[in-house]
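Asks:
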Amino acid sequence: MYRYNTNDKQLLAERTNQFKNQTLRYLAGELEEEEFRPLRLQNGLYIQRQAPMLRIAVPYGLVSSDQLRALASISRRYDRGYVHVSTRQNFQLNWPSVESIPDILGELARVDMHCIQTSGNCIRNTTTDQFAGVAFDEVEDPRPYCELIRQWSTLHPEFAFLPRKFKIAVCGSVNDRAAIYAHDVGLALHHRDDGQVGVKVLVGGGLGRTPVIGSVLEESLPVRHLITYLEAVLRVYNQLGRRDNKYKARIKILVRAMGVDQFRTAVHREWEGLKDGPSTLDDRALIGAKDHFSAMPYESIDSTASQLALDEQRDPIFQRWLKNNTHDHKQAGYRAVTLVLKAHGQAPGDISADQLDVIASLADEYSFGELRNTHHQNMVLADVQERRLYSLWRDLQKIGLAGANAGHLTDMICCPGGDFCGLANARSIPVSQAINERFDDIDYLYDLGPIELNISGCMNACGHHHIGHIGILGVDKKGQEFFQVSLGGKQADNPSIGKILGPSFSAEEIPNVVDTILATYVALRHDDELFIETCHRVGIEPFKESVYATRDH
Amino acid sequence: MQPVIIDGQVAKDFWLSAIEEQSPPETGRIATLAQWQLDTCLPAVILQTDDNPETLFDHLEQLALIAVHFPDMNDGRGFSMGRALREAGFKGELRATGRYIRDQLQYLKRCGFNAFSLPRGTTPAAALESLNEINIHYQAAHDLTEPLFKPLG
Chain A
2 MYRYNTNDKQ LLAERTNQFK NQTLRYLAGE LEEEEFRPLR LQNGLYIQRQ APMLRIAVPY
62 GLVSSDQLRA LASISRRYDR GYVHVSTRQN FQLNWPSVES IPDILGELAR VDMHCIQTSG
122 NCIRNTTTDQ FAGVAFDEVE DPRPYCELIR QWSTLHPEFA FLPRKFKIAV CGSVNDRAAI
182 YAHDVGLALH HRDDGQVGVK VLVGGGLGRT PVIGSVLEES LPVRHLITYL EAVLRVYNQL
242 GRRDNKYKAR IKILVRAMGV DQFRTAVHRE WEGLKDGPST LDDRALIGAK DHFSAMPYES
302 IDSTASQLAL DEQRDPIFQR WLKNNTHDHK QAGYRAVTLV LKAHGQAPGD ISADQLDVIA
362 SLADEYSFGE LRNTHHQNMV LADVQERRLY SLWRDLQKIG LAGANAGHLT DMICCPGGDF
422 CGLANARSIP VSQAINERFD DIDYLYDLGP IELNISGCMN ACGHHHIGHI GILGVDKKGQ
482 EFFQVSLGGK QADNPSIGKI LGPSFSAEEI PNVVDTILAT YVALRHDDEL FIETCHRVGI
542 EPFKESVYAT RDH
Chain B
1040 MQPVIIDGQV AKDFWLSAIE EQSPPETGRI ATLAQWQLDT CLPAVILQTD DNPETLFDHL
1100 EQLALIAVHF PDMNDGRGFS MGRALREAGF KGELRATGRY IRDQLQYLKR CGFNAFSLPR
1160 GTTPAAALES LNEINIHYQA AHDLTEPLFK PLG
């Protein structure tokens, strides 16, 4: 992974000191609330319902074991001994005090971590595929490009006060695992006919109040133009994006208002002056970036033998975990492993300090000391030898992280909701827990096959409910919490926005509603037809009929 | 007379603020864009953040001062206006005025502004300090031609 050099360290030290002074000036009354607000947001600090929330950046989801241990220690000292993995691959602390923030930032900086641009109307942390660099279907490793975007966007002087937040996602594989169609800018790497790396540029995707699938801005931009082109896109957005209404300020609204062709013309006009300029990625810059992500020192392994050894493990629970939670790897004899952070009684994505410490040791022992956060609010050990999977599984069982439900119904995405967030209309976590408890029959879950269930506590859609196969959205009706259910959303491979089933439900009704939806699917499915495929084939009507027919009035 | 910061030093402001009603503006007074458009020989003009800086592009050599007025610290359009004017070749005084805070001064400087009216409630010394809080920059901007991600050969 990218290791900080002296420049990175100096910049971070100066930035940490700068924010410390800003916080002290605020606490001393020298900075007014509305002046401090954008400054603290650009440093990941929210003032929330019960306590501040601090969002810690994990650049493109990559984190080292040392960083995890530091995080565990910070969460014990300054918080309540746990952290939360967000859908944008970052970590969040839910209970720090404002006064302790400078100290937390100081401790984070010691392990090259920070909260820069994890919130606010600026370019946010770039996200990518959790299997970047190891995925079997990868065309080009996205991490070097993510790192270049990180550097370009960090403390960018021109784009710190945009009309609204700006999120970039990069995907380098055949299957999109980064939801690039649901970002302000989505980038898909590919190989062009002329042998260069090309970038397909999507713009104006996003969820929130107005869910939109991104439009194609460029089919194949030579990668050397990546930075100058992004700069041109941001310039157009910074100057023309709406600032009169924050609900209409995202780039998707601008692209829709201008039309993608006219928006492209405006970008090209800006780009004329930037193209081939100093920020062009010459070979030196590209090779320099790639050097940070060279292959791990893999052993050469006879994969037939190691496969056979796995087959010999007769334990059916292990075999299920192997099937659902481990993923094909570029390197023969290795697999990537998903740790599902959705245990009973825990909010999705929460992980305790003790678990973090053990995971850090497991990363050292099994996976070259590195981990990834996923946008499904899980963690991944990316480089585990097949012959050591059984032993890893046993170790994960000891800390309750061997749940074999990766990619299934109970591996939900869920925002912090009304329990923590000041924006939420409804408490999403209790709904996720009720579903988790109701559907704990693992055989039934496997029979249902892969299903993505996403829950958001309000229409800002942090839980990505629009692109869940089953989406649940918290709404407020006359001060009461209700939940709207949608079906058929999909994040990749012909992405789609889910369709709303009908009138909303109380929290108590949701497990029954999900149950009816699943039973309807089981009754209607063709052989081997996945839930999402049945949804798209039969449409929403049969589900609607069965759900509202059985509903108690 | 309010002090201003020019090229990293506290200086006296010899320009008079623009007045919309005065037409044409007296000598030594900054013109509004509307006043300037009536007489493009005027040497100093102030832009609002919803003005298009390209309006001035054909006259940059005659202009001694271009000011950009920030109505609100969150209105980031002025940052792009600064870079646009510098990239179009403006060499004169580029001044930020209005409601920004000292914590934004270094970003303004990096976008090509070399002059600043003092932010509300800020001493000249504090403002000067804010201009140089961060000394490492990853990306190319007005003050740095080569981005850091291009390691020197």
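Taken in order, these protein sequences are the chains called A and B.
Numbered as in my numbering, the first sequence ends at 554 without a single skipped number.
Numbered as in my numbering, the second sequence ends at 1192 without a single skipped number.
Note that beta-carbon positions come from the ideal geometry of N, C-alpha and C, so glycine has one too.
In this text, all values refer to a predicted model and were calculated from it rather than measured experimentally.
#1: Comparing the C-beta of B/Arg-1149 with each C-beta of chain A, is any distance below 7 Å?
#2: Spatial neighbours of B/Ile-1173 within its chain, please: CB distance less than 8 Å, with the 5 preceding and 5 following residues excluded, ordered by chain position.
#3: May I ask you to list the residues that DSSP assigns as paired with A/Leu-55?
#4: Quick check: what's the CA-CA separation for A/Ile-150 versus A/Ile-533?
#5: Do you know offhand how far B/Gly-1192's Cα is from A/Asp-277's?
#6: Are the CB atoms of B/Leu-1157 and B/Gly-1131 nearer to each other than 7 Å?
#7: What are the residues in the stretch 1160–1175 of chain B lying within 8 Å of chain A by C-beta distance?
#8: What are the residues in the stretch 218–241 of chain A lying within 7 Å of chain B by C-beta distance?
#9: Between which two residues does the alpha helix (DSSP H) holding B/Gly-1117 run?
#10: Would you say A/Ala-250 reaches chain B, if we count a Cβ-Cβ gap shorter than 7 Å as a contact?
#11: If contact is defined by three or more beta carbon pairs under 8 Å, each pair taking one atom from either stretch, is the stretch 280–293 of chain A in contact with the stretch 223–241 of chain A?
#12: Distance, Cα to Cα, A/Glu-271 vs A/Asn-91?
#13: Report the three-state DSSP secondary structure of A/Tyr-335 (helix, strand or coil).
#14: Could you say if the stretch 107–123 of chain A and the stretch 24–35 of chain A meet the contact criterion of at least three C-beta pairs nearer than 8 Å?
#15: Give me the residue from A/Ile-400, A/His-191, A/Lys-10, A/Met-380 with the minimum Cα distance to A/Glu-141.
#16: For the beta strand (DSSP E) that A/Ala-524 lies in, which residues bound it at each end?
#17: Using the Cα positions of B/Pro-1082 and A/Gly-274, report the straight-line distance between them to the nearest angstrom.
#18: Go to A/His-191, then tell me how far its beta strand (DSSP E) extends in each direction, as first and last residue.
#19: Taking DSSP's pairing of strands, which residues face A/Met-380 in a bridge?
#20: So that I know if they touch, is there some Cβ in chain B lying closer than 7 Å to that of A/Glu-361?
#21: Pick helix, strand or coil for A/Asn-325, following the three-state DSSP scheme.
#22: If you drop the 5 nearest sequence neighbours on each side, which residues of the same chain put their C-beta closer than 7 Å to that of A/Val-432?
#23: If distances are taken between C-alpha atoms only, which option among A/Gln-314, A/Ile-436, A/Ala-427 comes closest to A/Arg-389?
#24: Could you check how far apart the C-beta atoms of B/Val-1084 and B/Ile-1105 are, in whole angstroms? I think they sit under 8 Å.
#25: Following the continuous beta strand (DSSP E) through B/Arg-1134, name the residue where it begins and the one where it ends.
#26: At 9 Å on the CB atoms, spell out the chain B contacts of A/Asn-8, in chain order.
#27: Consider the Cβ of A/Leu-149: report whether some Cβ of chain B lies at a distance smaller than 7 Å.
#28: Considering only the alpha carbon of each residue, which of A/Gln-43, A/Leu-397, A/Leu-63 lies closest to A/Ile-318?
#29: Only counting the same chain, and skipping five residues up and downstream in sequence, which positions put a Cβ closer than 8 Å to that of B/Phe-1096?
#30: Checking contacts by CB at 7 Å: is B/Thr-1094 closer than that to chain A?
#31: Should B/Phe-1109 and B/Gly-1117 be called a contact, given that it needs their Cβ atoms to be closer than 7 Å?
#32: Please confirm whether B/Ile-1140 has its beta-carbon closer than 7 Å to some beta-carbon of chain A.
#33: Tell me, to the nearest whole angstrom, how far the beta carbon of A/Ser-74 is from that of A/Ala-361; I am working on the premise that it is less than 8 Å.
#34: Take A/Leu-55 as the anchor and find which of A/Arg-321, A/Pro-451, A/Glu-100, A/Cys-536 has the nearest alpha-carbon.
#35: With DSSP collapsed to three states, give me the class of A/Leu-357.
Replies: The relevant details are as follows:
#1: yes
#2: Gln-1145
#3: A/Leu-46, A/Leu-94
#4: 34 Å
#5: The predicted position of B/Gly-1192 is uncertain, since its pLDDT is 42 and thus under 50; a value taken from the coordinates is nonetheless stated next. Roughly 18 Å between the two C-alpha positions.
#6: no
#7: Gly-1160, Glu-1172, Ile-1173, Asn-1174, Ile-1175
#8: Arg-236, Asn-239, Gln-240
#9: 1116–1126
#10: no
#11: yes
#12: 32 Å
#13: strand
#14: no
#15: A/His-191
#16: Note, A/Ala-524: premise wrong, no beta strand (DSSP E); alpha helix (DSSP H) at 511–525.
#17: 26 Å
#18: 186–192
#19: A/Leu-340, A/Asn-374
#20: A quick correction: the sequence has Ala, not Glu, at residue 361 of chain A. It does not; no Cβ of chain B falls within 7 Å.
#21: helix
#22: Ile-456, Ile-473, Phe-484, Ala-508, Ile-511
#23: A/Gln-314
#24: 6 Å
#25: 1132–1137
#26: Ile-1175, Tyr-1177, Leu-1187
#27: yes
#28: A/Leu-397
#29: Ala-1127
#30: no
#31: yes
#32: yes
#33: Not quite, the Cβ-Cβ distance comes to about 11 Å (not below 8 Å), so this is no contact.
#34: A/Glu-100
#35: helix
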